[in-house]
Amino acid sequence: MPTASSVLRIQTVTIWLAREVYQQMRDEADLFSPLETGGVLLGWRSGSSRVIVQACGPGPRALHGRHRFLPDHQWHVAEIHQAFQLSGGDLDYLGDWHSHPSGDAVMSSEDHATLRRICRRVRNPLMMIIDGQTQPGERVTGCWMGHASGWSIFGRYEAIAQEIRLFDPPTDWQHCTTERQSPDVLAKL
Ligand SMILES: [Zn+2]
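Per this note's numbering, residue 26 is the first one in the sequence shown, and the count goes up by one each step.
Written out as structure tokens, the structure reads:
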């Protein structure tokens, strides 16, 4: 069982989100509204921080519903692999993001089940949710970090809200790309 101090450590994680990546996710959410969409978050872990510098969209075979979103898992696996290769191993999977076009930026019971499932293969994954009810420019975005111990349904699981801080990456950081760029363009960066 995690100790109180380990929970405390998780609570202090800071999520650094590149501003243009955030804009990309909001644009993607607007594009699919009133249906949900989402994707995966890529970046790296730095001490108690997570630095998100790239986000992938839903993938061509994703299923979008008003209250449900099923990502194109195979496509995401390929995207994550490609990002890892092109960045020389810098970029890794940090978690998932999705929109709630007709709801608040809070985790549903299905979201908890998803995050708990991801916890089985990734340590402390993130789940970012973009609210769709507010006006453009006034979106509320939440981010949670999953923490699980034990493999059975009796294992302990928590999703702890994290603070998001937007930042503008230095110009010599070349990871911030949108999925609309072709692999050829990405390779030239
Ligand atoms: Zn959700």
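We treat Cβ as the ideally placed atom computed from N, Cα and C, and that holds for glycine.
Just so it is clear, the structure is predicted and the values come from calculations on it, not from any experiment.
For ligand 1, is there any heavy atom lying closer than 6 Å to the beta carbon of D115? no
With a threshold of 7 Å on Cβ separation, who are the neighbours of A43 within its own chain once the five nearest residues in sequence on each side are excluded? I77, V78, F192, P194 and C201, listed in sequence order.
In the DSSP assignment, what are the bridge partners of G63? H123
Give every residue of the same chain whose Cβ lies closer than 7 Å to the Cβ of R93, excluding the five residues on either side of it in the sequence, and list them in chain order. E61
What would DSSP say about R181, mapped onto helix, strand or coil? strand
Member of D97, S127 and N149 whose CA lies at the smallest distance from the CA of I185: N149
Determine the closest residue to G114 out of R181, S174 and I105, with distance taken between C-alpha atoms. The candidate whose alpha carbon is nearest that of G114 is I105.
Measuring CB to CB, does P96 end up less than 7 Å from P83? Yes, these two residues count as a Cβ contact at 7 Å.
First through last residue of the beta strand (DSSP E) which encompasses D156: L151 to D156
Hey, would you say the C-beta of D136 is under 6 Å away from at least one heavy atom of ligand 1? yes
Could you check what DSSP says for W100 in three-state terms: helix, strand or coil? DSSP places W100 in helix when its eight states are reduced to three.
Return helix, strand or coil for S133, following the three-state DSSP convention. Shown here, S133 sits in coil according to DSSP, grouped into three states, outside any helix or strand.
Span separating the alpha-carbon of L66 from that of G180: 26 Å
Cβ neighbour criterion (16 or more within 10 Å) applied to H123: In summary, H123 is buried, with 16 or more beta-carbon neighbours lying within 10 Å of its beta-carbon over all protein chains present.
Are the beta-carbon atoms belonging to A108 and T166 less than 7 Å from one another? Cβ distance not < 7 Å, so A108 and T166 don't count as in contact.
Is E188 buried or exposed, if buried means 16 or more other CB atoms sit within 10 Å of its CB? exposed
Does the distance between the C-beta of S124 and the nearest non-hydrogen atom of ligand 1 fall short of 6 Å? No, Cβ of S124 sits at least 6 Å from all heavy atoms of ligand 1.
Measuring from the CB of S127, is there a heavy atom of ligand 1 at a distance below 6 Å? Answer for S127: no, Cβ out of range of ligand 1.
Apply the 10 Å Cβ neighbour rule to E53 and answer buried if 16 or more other Cβ atoms are within range, or exposed otherwise. Buried is the call here.
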